[in-house]
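Following: one structure in structure tokens, then a few remarks.
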Amino acid sequence: MVEESRPIDALNIARGKRILVKLKNGVEISGILKAHDLHLNMWLEDAEMSKGDEKTKLPGILVRGDTVLYVIP
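Just so you know, the sequence shown maps onto residues 12 to 84 in this note's numbering.
Right under this line is the structure:
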């Protein structure tokens, strides 16, 4: 079993699972994490993007790492 020692390790463990990403502009994106890199660029599939009451379903989305406020695996 691999022990988490860095925040990026939590993303490695969450690959293939649904995560929640909050962006600096207030948008929240929930989706299945397919891939990520060290800059927190993330590819999510079966995603839902929401801001306020607006919700949009997306088959896939690339989230740029420098727009990420936090990630909940």
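From the three backbone atoms N, C-alpha and C, an ideal C-beta is built for every residue, glycine too.
Being a predicted model, the structure only gives us computed values, none of them experimental.
Exercise for the section: Within 10 angstroms of the Cβ of residue 50, are there 16 or more other Cβ atoms? Answer buried if so, exposed if not. Expected result: Answer is exposed; the Cβ neighbour count stays below 16.
Handout entry: Cβ contact (3+ pairs, closer than 8 Å) linking the region 54-63 and the region 76-83
Key = With a cut-off of 8 Å, the region 76-83 and the region 54-63 do not count as touching, because too few Cβ pairs lie within range.
Problem - N-terminal and C-terminal residue of the beta strand (DSSP E) that residue 70 is part of - result: 65-74
Handout entry: Backbone secondary structure at residue 22 - three-state DSSP
Key = helix
Practice task
Would you kindly check if the distance between the Cβ of residue 72 and the Cβ of residue 54 is under 9 Å?
Solution key: yes
Problem - Residues of its chain near residue 35, where Cβ-Cβ distance is below 8 Å and the 5 sequence neighbours each way are ignored - result: Result list for residue 35: 78, 79 and 80, in chain order.
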